[in-house]
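**Q** Next up is a structure, given as structure tokens.
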Ligand code: PNW
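Numbering (this note's numbering), first residue to last: 4 to 482.
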């Protein structure tokens, strides 16, 4: 499947196909800043960081962040230096529609993303655009956010406006970034909107409405735009590998259940042959809901029409992969209080001996990448996959040899998945181009190929060692 030239093999290099794509990624709230300029409305991350400073490391906000709203030309220059083929970034919904609704369009927002895309295209870098990277307009949150079904329809209005304005410039669209993260951590944890106590209820409502919103946007694109543009539409899932913590049958089952509750929750309705939620999720949540005294399952049901609308509603699968967890069976009895973790029934951990990063959750476990890619191949009949994020958080500093090591080992693992296992991966995106606001972890975790001096007035970007390393890979397509 993969054409590797004899020349490269002779030199002992690991090469990716010539048309393989290398890119870098960011997200609006994490880099743009300019949170309240030129008509932008408030998003849930603006209001969350302002009203709940205690939930953010060092009480930081993304008010200014890396100031990419003003410095995007500088960012594009860095990408030219890197030689990447595409840039994955996200659009801030409330910059374009200040309260999320279609009746009030903010022209400065429309202009801003046109300028970003024009600058990219002028430099031969394809824009890959995420419509939603966690920053819901605050007004929609006041209506219940993703727990309110009407928000899916408002999302369709927003998506239509994006197709109308940017349809001819964007090379690939992603509807959502990591529904698992923002539904589970937002509606059952400490990410915005910070509904800490709602796990097992609101997270499932969020997921349900996000899946409907995704399906509706895909079908709307097919009826209204497909004759005009040939852009592919996908969605990005988060998939840290989940390995059994022992070879016992219980732990093997618990790990597979955990994969279905994590990636399967969103991928099964879209990419499986049968559609709908993974059967194991349906079965466990239905029966635990009953035991807890509910008269209906906490996991909502799709209508048969919705199942069909959502099934097959993506041209490719975006995969964010950072690390690996071990899963063992949870043997304690189920608590009367609903929770996603109890529903899943596994306990997550990581091996103390795995190499660490500068974060509690990213351990360096490259072999998990190959296994995650193979699982997707098996589960969903080898769909086209683009890795939309992979990277490692380290401390400040330019000599980031540990990042180089991380990239090398993870790319080797991905290379094996492509060349030996025939996984259908056609691109890779490094997270991130520059240091940025790492959500509740503030600026304490640095993911950038370029360091950002957040204390300097002009948010100076300086290349790290890893930027040279990555530039060589993206230019030669070889490790
Ligand atoms: C991603 N996990 O989220 C996000 O898409 C980015 O915005 C973020 O900056 C990046 O990871 C690095 O943190 C994740 O628990 C959130 O395994 C959680 C997990 C993985 C990725």
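Using N, Cα and C, we set each Cβ at its ideal position, and we do this for glycine too.
Since the model is a prediction, treat every value here as computed from it, not as a measurement.
(1) Which ranges does the alpha helix (DSSP H) cover as unbroken runs of at least 4 residues, wholly within the stretch 96-124, from first to last along the chain?
(2) Could you check what DSSP says for residue 186 in three-state terms: helix, strand or coil?
(3) What residues match up with residue 301 in a beta bridge as DSSP calls it?
(4) To the nearest angstrom, how far is the alpha carbon of residue 411 from that of residue 162?
(5) Taking the alpha-carbon of residue 217 as reference, which of 181, 15, 386 has the nearest alpha-carbon?
(6) Name the DSSP bridge partner or partners of residue 241?
(7) Mark residue 9 as exposed unless 16 or more other C-beta atoms lie within 10 angstroms of its C-beta, in which case mark it buried.
(8) Would a C-beta distance cut-off of 8 Å place residue 231 and residue 147 closer than the cut-off?
(9) Please report the distance separating the alpha-carbon of residue 267 from that of residue 112.
(10) CB-CB under 8 Å to residue 482, same chain, minus the five flanking residues each way: which ones, in chain order?
(11) Would you list the residues sitting across from residue 201 in a DSSP beta bridge?
(12) Please find out if some non-hydrogen atom of the ligand PNW comes closer than 7 Å to the beta-carbon of residue 304.
(13) Mapping DSSP to helix, strand and coil, what is residue 53?
(14) Run through the DSSP bridge pairs and tell me what residue 92 is partnered with.
(15) Can you find a heavy atom of the ligand PNW that lies under 7 Å from the Cβ of residue 179?
(16) Anyone know if the C-beta pair for residue 347 and residue 261 falls short of 8 Å?
(17) At which residues does the beta strand (DSSP E) containing residue 351 begin and terminate?
(18) Using a Cβ-Cβ cut-off of 6 Å (strictly less than) and excluding sequence neighbours within five positions of residue 60, which residues of its own chain qualify?
(19) Under 8 Å, do residue 329 and residue 241 count as touching if we go by C-beta distance?
(20) Using 10 angstroms around the beta-carbon of residue 83, count the other beta-carbons present and answer buried if the total reaches 16, otherwise exposed.
(21) Count the other C-beta atoms from every protein chain shown that fall within 10 angstroms of the C-beta of residue 211, then say buried if there are 16 or more, exposed otherwise.
(22) Out of curiosity, what's the CA-to-CA distance linking residue 340 and residue 200?
(23) By Cβ distance, which residues of its chain are closer than 6 Å to residue 474, with the 5 residues on each side in sequence left out?
(24) Secondary structure at residue 180, three-state DSSP: helix, strand or coil?
(25) What does a CB cutoff of less than 8 Å around residue 123 pick up in its chain, not counting 5 residues either side in sequence?
(26) Does the distance between the C-beta of residue 243 and the nearest non-hydrogen atom of the ligand PNW fall short of 7 Å?
(27) Which residues mark the beginning and the end of the beta strand (DSSP E) in which residue 433 is found?
(28) Under 7 Å from any heavy atom of the ligand ATP, does the C-beta of residue 264 make it?
(29) With distances taken from CA atoms, which of 42, 92, 338, 38 is nearest residue 436?
(30) Answer yes or no: the CB of residue 323 versus the heavy atoms of the ligand PNW, is any distance below 7 Å?
(31) Would you grab the beta carbon distance between residue 396 and residue 367 for me? Rounded to a whole angstrom, and I think it's under 8 Å.
(32) What residues in its chain sit with their C-beta under 6 Å from that of residue 32, if we drop five residues either side in the sequence?
(33) What are the complete alpha helix (DSSP H) segments, minimum 4 residues, inside the stretch 436-466?
(34) Quick one: is the Cβ of residue 450 within less than 7 Å of any heavy atom of the ligand PNW?
(35) Do the stretch 308-325 and the stretch 287-300 touch if we need at least three Cβ pairs shorter than 8 Å?
(36) Report whether the distance from the Cβ of residue 359 to the nearest heavy atom of the ligand PNW is below 7 Å.
**A** Taking the coordinates as given:
(1) Whole alpha helix (DSSP H) segments, 4+ residues: 96-99.
(2) Of the three classes helix, strand and coil, the one that applies to residue 186 here is helix, per DSSP.
(3) For residue 301, DSSP assigns no beta-bridge partner whatsoever.
(4) If I take the Cα positions, the gap works out to 37 Å.
(5) Comparing Cα-Cα distances from residue 217 to each of 181, 15, 386, the minimum goes to 181.
(6) DSSP output for residue 241 lists 323 as bridge partner(s).
(7) Note on residue 9: pLDDT 43, under 50, position unreliable in the model; the coordinate value appears next. Looking at its Cβ environment, which holds fewer than 16 other Cβ atoms inside 10 Å, residue 9 is exposed.
(8) By the CB criterion at 8 Å, residue 231 and residue 147 fall outside the cutoff.
(9) One C-alpha to the other measures close to 35 Å.
(10) Correct list, in chain order: 16, 17, 18, 411, 414, 415, 418, 476.
(11) DSSP lists no partner for residue 201.
(12) For the ligand PNW, no non-hydrogen atom lies closer than 7 Å to the CB of residue 304.
(13) DSSP places residue 53 in helix when its eight states are reduced to three.
(14) Residue pairing for residue 92: DSSP places it in a beta bridge opposite 132.
(15) Checking the Cβ of residue 179 against the ligand PNW gives no.
(16) Residue 261 sits close to residue 347, with the two beta carbons spaced by under 8 Å.
(17) In this chain, the beta strand (DSSP E) harbouring residue 351 covers 349-352.
(18) Hits under 6 Å: 444, 445, 447.
(19) Taking the C-beta atoms as reference points, residue 241 is found no nearer than 8 Å to residue 329.
(20) Exposed is the label assigned to residue 83, since fewer than 16 other Cβ atoms lie within 10 Å of its Cβ.
(21) Around the CB of residue 211, 16 or more other CB atoms lie within 10 Å, so the residue is classed as buried.
(22) Rounded to the nearest angstrom, the two C-alpha atoms are 10 Å apart.
(23) Closer than 6 Å at the Cβ level, and outside the excluded window around residue 474, lie 85, 86.
(24) Residue 180 falls in the strand class under three-state DSSP.
(25) Within the same chain, residue 123 has close Cβ partners 79, 82, 90, 129, 130.
(26) Yes, the Cβ of residue 243 comes within 7 Å of a heavy atom of the ligand PNW.
(27) Here the beta strand (DSSP E) through residue 433 covers 428-434.
(28) Judged by which ligands are present, the ligand ATP is missing from the structure shown, whose ligands are the ligand PNW.
(29) When only C-alpha atoms are compared, the closest one is 92.
(30) Result yes, Cβ under 7 Å from the ligand PNW.
(31) At roughly 11 Å, the Cβ-Cβ gap does not stay under 8 Å, so residue 396 and residue 367 are not in contact.
(32) In its chain, beyond the 5 residues on either side, 48, 65, 138 have a beta carbon closer than 6 Å to the beta carbon of residue 32.
(33) The alpha helix (DSSP H) runs lying completely inside the stretch 436-466 and spanning 4 residues or more number zero.
(34) Result yes, Cβ under 7 Å from the ligand PNW.
(35) Contact fails: fewer than three Cβ-Cβ distances are below 8 Å.
(36) For residue 359, the shortest C-beta to heavy atom distance toward the ligand PNW is 7 Å or greater.
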